[in-house]
Structure formats: C-alpha cells, structure tokens
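Enquirer: One structure follows; several queries about it will come next.
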Amino acid sequence: MVEVNDHTALLAFHDADDRGEQEIGLRRSSSPDIGDSNRRRWPLFDRKVTASSLRERCVTVSAVISLMLICAGFIYAFISRSSGRGLVCSTVQNGYQCHQEYSQLWGQYTPFFSLHTISDFSPQIPIGCTVTFVQMLSRHGARHPTENKSAVYSELIKRIQDRTESYLGDFALLETFNYQLQSEDLTPFGVSQMIDSGTKFYRRYQHLTKESNAFIRASGSPRVIVSAEKFIDGFYQEKLSDPSATDKARKPSVSVVISEEPGSNNTLDHSNCNVFERTKPGLAAQAEFAKVFATPILNRVNSHLIGANLDITDIPYLMDLCSFHTVALTPDASTISPFCTLFTDEEWTQYDYYNTLGKYYGHSTGNPLGASQGVGFVNELISRLTNTPVIDSTTVNHTLDSDPQTFPLGLSLYADFSHDNTMISILTALGLFNGTEPLSNTTIQSPVETKGFSAAWTVPFGGRAYIEKMECDSTPVAREPLVRVLINDRVVPLHGCKADTLGRCRLEDFVEGLSYARRGGDWGRCFI
C-alpha cells in the first residue's frame with residue numbers, strides 16, 4: 001500500500017536552517033551598492049588636502065577595504081557550502097574528511113567518505129561510454145541512537161556516575177557528562193549528508209538528471225523517509241541551478257513508502273524470515289572477538305573509573321558514544337567528541353573490525369540466511385535492468401510491483417532508501433562478497449584482506465551503491481549494455497560473470513550470474 005502522508009512534522013525542525021540561508025541571502029542583497037554614483041568621493045590626490053586629513057582618509061579607505069574583504073569571505077563561505085567546496089569537514093564529492101584517525105573506524109556509525117582513491121578500477125565514467133540506467137541504493141544519513149540503544153547508553157552513564165568513587169585522567173569527563181542524545185531521528189549533520197548525496201547524484205549523472213527525475217522509494221522508517229526527502233532537496237536545488245536542465249517546475253517526490261509493519265513484504269527492510277529474525281550469529285561472533293580486544297580496554301577503563309566495575313559488554317557501548325556524540329554535537333560534525341580520545345588508534349581499529357564481524361555474521365555470508373534477505377531487491381533490480389516483470393517469491397510486495405504507478409519500468413533513474421543491515425544482505429545477494437573468506441573472530445583482518453567487506457566501507461551513515469548500465473562506442477561490442485557496481489565510489493569486482501578491465505560485465509552475463517537470487521535464495525529455510 002502506498003503511503004501518501006504529510007511529513008511536515010518530521011521536517012519541521014529543518015525549516016529553520018532553510019530560512020536562515022534565505023535570510024543570509026536577503027541581508028546580502030540589501031547591502032549598500034558600492035557602485036552608487038551618489039556616494040561621497042575621496043579626493044586622496046587633491047593638493048588642497050592636508051597631511052592629517054589624508055591620513056584620516058587613508059585609514060577610512062583601509063577600513064572599507066577590510067570590511068569588503070570580510071564580506072567577501074562570508075560570501076565565499078556561503079557559495080562554498082552550496083557547491084560542496086571549502087567545507088571544513090564535508091564536501092559533496094568526498095564526504096566526511098575530518099578526524100580520520102577516528103571517523104573512518106566507526107564501523108556502520110562512520111559518516112560516508114569516498115573510496116575513489118582506493119578503487120582498483122577508476123570510478124569515472126569511461127571515455128566513449130554513456131550511462132543509460134542508474135539504480136542507487138542508499139542508507140539514511142547520520143542519526144541519533146535507536147530507542148533501545150539510547151536507553152542502554154543512558155543507563156551506562158548513570159551507572160558509571162552512581163558507582164564511581166574517583167575519576168582519573170581523561171575519564172574525568174564522565175563525572176559531569178549529561179547524556180542528552182535523542183533517539184532514531186537524523187541529526188542536522190545527517191540531513192546535510194543527504195542533501196549532499198542528492199547534489200552529487202545529480203552532478204554525476206547530469207546527462208540523465210537534467211532531463212529526468214529519479215523514481216524514489218523509501219522504507220517506512222521516519223529517518224529513511226526524511227533522508228529520501230533531503231536527497232531530493234539536494235537533487236532539485238542542483239537542477240534549478242543548471243541552465244541546461246529541463247522540467248524544472250516539477251520537483252521529485254518520494255513516490256512509494258513501503259511499510260515496515262510486521263508481516264509486510266518490504267525489499268528495503270528485513271522482517272519476514274522467522275528463522276533469520278530469531279537467530280543472532282552476528283552477536284555471537286562479536287562476543288568472541290570482544291574477549292580478545294575489549295578485555296585490556298576494560299582493565300584500563302576500570303583503573304580510571306574507581307568503583308565503576310564495568311564489564312566487557314560495556315566497552316563497545318562506551319566506544320559507540322564517540323560517533324553518536326560527534327555527529328550530534330555540531331551541524332557539520334566538526335567537533336570531535338571527548339569520548340573518542342579515551343581510546344587508542346589500535347583500539348579503534350579493533351572496534352571497527354568488531355562492527356564488521358557483526359555485519360558479516362549477522363547479515364552477510366556468515367549467516368546462512370543473510371543473503372536471502374536481499375534476494376527480493378535483487379529481483380527488482382533485474383526487472384528494472386531488463387524491463388521485464390518482477391519474478392520473486394521472497395520479500396517483494398507484489399501489490400506494489402505489479403502496478404506501473406508504484407513500480408514503473410523503462411526509466412533511467414531509480415533511487416531507493418533503506419537501512420544498513422538490509423543493504424548488507426542486498427549487496428551479498430548480488431554476489432559482491434563472494435570473494436570474501438570467512439572472517440576470523442579472533443584476529444583482525446583489514447578491508448583489503450576481506451576483499452572489501454567492511455562495515456565502514458559498505459554501509460556508513462549516508463552510504464550508497466550505484467548500479468550502472470552503460471553503452472560504449474566500442475569494447476568489446478559497440479552499444480552492448482554493460483553493468484558495473486560502485487559502493488561509496490569504489491568499483492566493486494563482480495563475481496558470477498566475466499568482468500572486463502574496467503570492472504564491467506555484459507548485462508546478459510550479469511543477470512545470468514545472479515542465479516542465487518533468481519531461484520529465491522534459501523528463502524524456504526526461513527520457516528523450518
């Protein structure tokens with residue numbers, strides 16, 4: 001069922017930012033015209049001017065020039081913000097770049113950062129080729145903790161403060177720390193991420209976006225819906241500023257919101273596989289690794305929080321606060337949380353791997369039913385790529401997908417918004433991690449060693465995958481459809497089909513290689 005709801009209440013707290021930018025523009029436009037012919041003239045070279053008067057006038061001119069430079073600085077900052085250039089911490093093109101010694105090691109709580117510099121294949125659209133189809137799959141932007149986690153963090157801080165008799169070193173911050181994080185919703189920084197994502201999408205595929213709007217769906221969580229709407233804001237603002245764009249009067253919208261109510265078929269949010277939902281191998285793998293990495297940290301923390309008597313399960317929660325606090329502190333996440341400096345670089349590397357283990361054994365190949373949760377979306381992708389009806393018996397909502405109003409075919413641009421766990425399952429069902437060997441739950445493996453499987457690399461806050469179909473003037477056959485997949489600007493090696501030197505497979509071979517999804521995965525084991 002399509003939900004056509006008014007999301008005004010969800011978006012209300014963002015309106016102040018929009019009005020603020022408008023007011024800045026109004027103030028600038030009302031500035032005095034320095035070219036006014038009626039303004040007073042300054043006869044600096046008039047021979048009748050005294051030395052004293054000359055000095056005064058020079059000082060005045062100097063002050064005016066200084067003021068102009070200051071104003072120019074403000075204008076440049078405003079323009080830079082709009083264009084994604086000159087930001088302290090984030091840019092449209094490269095994402096979040098501040099505090100990299102911490103921020104790229106927060107697992108799924110990492111803010112999006114571009115992986116283009118470590119891609120084995122160039123993410124640029126090859127010369128002589130034209131992208132004819134794009135499917136984007138995006139996680140929502142940076143958010144506050146979930147309601148359950150927020151309660152856990154609040155209880156942890158209270159317990160520390162109730163028990164601790166003495167605070168030593170940097171841990172003294174916990175004595176007066178007031179837990180004020182909200183739950184579930186995007187932070188202002190997360191909103192900014194999604195606006196930038198829409199801007200980037202428009203620019204990358206401008207040859208398509210200037211003439212078309214994307215068909216947009218969102219899973220039914222408020223933060224996912226708002227993420228989609230803010231993506232649209234960035235997309236549309238860029239379109240309005242593009243002199244070559246057409247159809248500017250029609251702003252895109254979220255066309256379909258798929259319910260997350262229990263029992264609802266939803267390819268963007270897992271919930272209907274009973275066996276999968278009640279088994280938690282990801283938590284078991286994390287518990288094993290916690291014995292390795294968290295025990296020394298626990299001893300150190302307890303030695304600085306005299307009387308707190310924390311246990312090993314508290315350590316990852318304490319480390320979680322570094323990211324959640326940072327992305328909530330300031331609108332641009334430029335201020336690092338003091339929780340981050342409580343832990344060493346090595347400990348952050350361990351924490352990142354801890355989160356990766358949770359994703360691998362919880363929702364990917366390490367879980368026998370992990371990939372099956374993504375099969376429905378893959379079959380929708382096949383339908384869109386080949387312009388044929390969806391064939392699926394897993395999570396597809398056939399009421400929606402049999403209606404051309406809610407599942408149109410033949411379009412060039414699609415954008416779907418989801419959650420990290422379901423995205424992991426979808427990317428796994430696409431076979432993108434078929435080259436990843438089972439992850440060790442005792443020894444850290446780098447993202448290079450795991451063939452790119454990393455929570456921070458795949459599903460950060462605001463993370464996105466682009467599935468591109470392109471045609472080229474030559475190589476190997478002119479105008480033959482080719483497919484490739486980018487995750488956060490990294491071209492991912494394809495499995496199940498023979499990829500060329502640019503990481504692409506023929507469309508026919510790509511679809512043929514998705515046999516696991518086409519046969520329904522292991523969905524039949526969900527109800528044993």
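Heads up: the sequence shown runs through residues 1 to 528, numbered per the UniProt record's numbering. C-beta: ideal position from N, C-alpha, C; glycine also.
#1: CB-CB under 6 Å to residue 37, same chain, minus the five flanking residues each way: which ones, in chain order?
#2: Once DSSP output is grouped into helix, strand and coil, what is the label at residue 149?
#3: If you draw a straight line from the C-alpha of residue 106 to the C-alpha of residue 100, how long is it?
#4: For the segment 210-278, list the alpha helix (DSSP H) runs that are entirely contained and at least 4 residues long, ordered along the chain.
#5: Just to confirm my understanding: we take residue 88, look at its own chain, exclude 5 residues before and 5 after, and list those with CB closer than 8 Å. What are they?
#6: Leaving out five residues before and five after residue 179 in sequence, what residues of the same chain have Cβ atoms less than 6 Å from its Cβ?
#7: Smallest Cα separation from residue 513: which of 366, 499, 117?
#8: May I ask which residues mark the beginning and end of the beta strand (DSSP E) holding residue 165?
#9: Buried or exposed: where does residue 454 fall if 16 or more other Cβ atoms within 10 Å of its Cβ makes it buried?
#10: Quick one: what's residue 470 bridged to in DSSP?
#11: Buried or exposed for residue 448, please, with buried defined as at least 16 other CB atoms from any protein chain shown within 10 angstroms of its CB.
#12: Can you tell me the Cα-Cα spacing of residue 160 and residue 348, whole angstroms?
#13: When you compare the segment 186-206 with the segment 227-234, are there three or more beta-carbon pairs, one atom per stretch, that lie closer than 8 Å?
#14: Can you find the residues in the same chain that come closer than 6 Å, C-beta to C-beta, to residue 483, ignoring five residues on each side of it along the sequence?
#15: So what does DSSP say about residue 418, is it helix, strand or coil?
#16: Taking the alpha-carbon positions, what's the residue 485 to residue 270 distance?
#17: Counting C-beta neighbours from all protein chains within 10 Å, is the total for residue 296 16 or more, i.e. buried, or is it exposed?
#18: Check whether the Cβ atoms of residue 456 and residue 521 lie closer than 8 Å to each other.
#19: Identify the continuous alpha helix (DSSP H) that holds residue 516 and give its terminal residues.
#20: Only counting the same chain, and skipping five residues up and downstream in sequence, which positions put a Cβ closer than 8 Å to that of residue 165?
#21: For the alpha helix (DSSP H) containing residue 200, list its first residue and its last residue.
#22: Quick check: what's the CA-CA separation for residue 176 versus residue 324?
#23: Is it buried or exposed for residue 234, if we count other Cβ within 10 angstroms and need 16 for buried?
#24: Taking C-beta to C-beta, are residue 528 and residue 257 nearer than 8 Å?
#25: Let me know if residue 359 comes out buried or exposed under the rule of 16 or more other beta-carbons within 10 Å of its beta-carbon.
#26: Do you know how far the Cα of residue 402 is from the Cα of residue 529?
#27: Take every Cβ of the segment 374-381, pair it with every Cβ of the segment 435-446, and state whether three or more of those distances are shorter than 8 Å.
#28: Determine the closest residue to residue 302 out of 315, 290, 122, with distance taken between C-alpha atoms.
#29: Do residue 487 and residue 427 have their CB atoms nearer than 8 Å?
#30: Less than 8 Å between the C-beta atoms of residue 214 and residue 461, yes or no?
#31: Which ranges would you report for the beta strand (DSSP E) in the segment 423-479 if only whole runs of at least 3 residues count?
#32: Using a Cβ-Cβ distance under 8 Å, would residue 357 count as near chain D?
#33: Rounded to the nearest angstrom, what separates residue 238 and residue 104 at their Cα positions?
#34: Would you be able to state if there are at least three C-beta pairs under 8 Å between the segment 258-268 and the segment 382-398?
#35: What separation, rounded to the nearest whole angstrom, lies between the Cα atoms of residue 531 and residue 309?
#36: Keeping to the same chain, check which residues put their C-beta closer than 6 Å to that of residue 109; ignore five residues upstream and five downstream.
Expert: Once the coordinates are examined:
#1: For residue 37, the predicted structure reports a pLDDT of 36, less than 50, and the residue's modelled location is therefore unreliable. A value from the coordinates is still provided. Around residue 37: no qualifying Cβ.
#2: Three-state result, residue 149: helix.
#3: For the pair residue 106 and residue 100, the Cα-to-Cα distance works out to about 10 Å.
#4: Segments of the alpha helix (DSSP H) lying fully in the segment 210-278: 222-240, 274-278.
#5: So the qualifying residues of the chain are 98, 332, 334.
#6: Excluding residues up to 5 positions away in sequence, 154, 157 lie with their Cβ nearer than 6 Å to the Cβ of residue 179 in the same chain.
#7: Of the candidates 366, 499, 117, the one whose C-alpha sits nearest the C-alpha of residue 513 is 499.
#8: Counting along the chain, residue 165 falls outside any beta strand (DSSP E), and DSSP gives it neither H nor E.
#9: It is buried - the Cβ of residue 454 has at least 16 other Cβ atoms within 10 Å.
#10: In DSSP, residue 470 forms a bridge with 131, 482.
#11: When all chains shown are included, residue 448 counts as exposed.
#12: Their Cα atoms are separated by approximately 22 Å.
#13: Verdict: yes, contact present.
#14: Its chain contains 469, 505, 507, 510 as the residues whose beta carbon lies nearer than 6 Å to that of residue 483, once the 5 sequence neighbours on both sides are disregarded; these appear in chain order.
#15: Here residue 418 sits in strand by DSSP.
#16: For residue 485 and residue 270, the distance between alpha carbons rounds to 22 Å.
#17: The residue is exposed, with fewer than 16 neighbouring Cβ atoms inside 10 Å.
#18: No. Outside cutoff.
#19: Bounds of the alpha helix (DSSP H) holding residue 516 are 515-518.
#20: Excluding residues within five positions, the ones whose Cβ falls inside 8 Å are 306, 307.
#21: Unbroken alpha helix (DSSP H) run through residue 200: 188-204.
#22: Near 18 Å, if we compare the C-alpha coordinates of residue 324 and residue 176.
#23: Burial call: buried.
#24: No, these two residues do not count as a Cβ contact at 8 Å.
#25: Label assigned to residue 359: buried.
#26: Beyond the ends of the chain as shown, which are 1 and 528, falls residue 529; an answer cannot be given.
#27: With a cut-off of 8 Å, the segment 435-446 and the segment 374-381 do not count as touching, because too few Cβ pairs lie within range.
#28: From the listed residues 315, 290, 122, the smallest Cα separation to residue 302 is found for 315.
#29: Yes, the pair counts as a contact, with Cβ atoms nearer than the cut-off.
#30: Going by C-beta atoms, residue 214 is not nearer than 8 Å to residue 461.
#31: Listed in chain order, the complete beta strand (DSSP E) runs (minimum 3 residues) inside the segment 423-479 are 464-472.
#32: The chain labelled as chain D is not found in the depicted structure, where only one protein chain is given.
#33: Cα to Cα, the separation comes out at about 28 Å.
#34: The answer is yes - the segment 258-268 touches the segment 382-398, with three or more Cβ pairs under 8 Å.
#35: Past the boundaries of the shown model lies residue 531; the chain is included only from 1 to 528, so the question cannot be answered.
#36: Cβ neighbours of residue 109 beyond the five flanking positions: 323.
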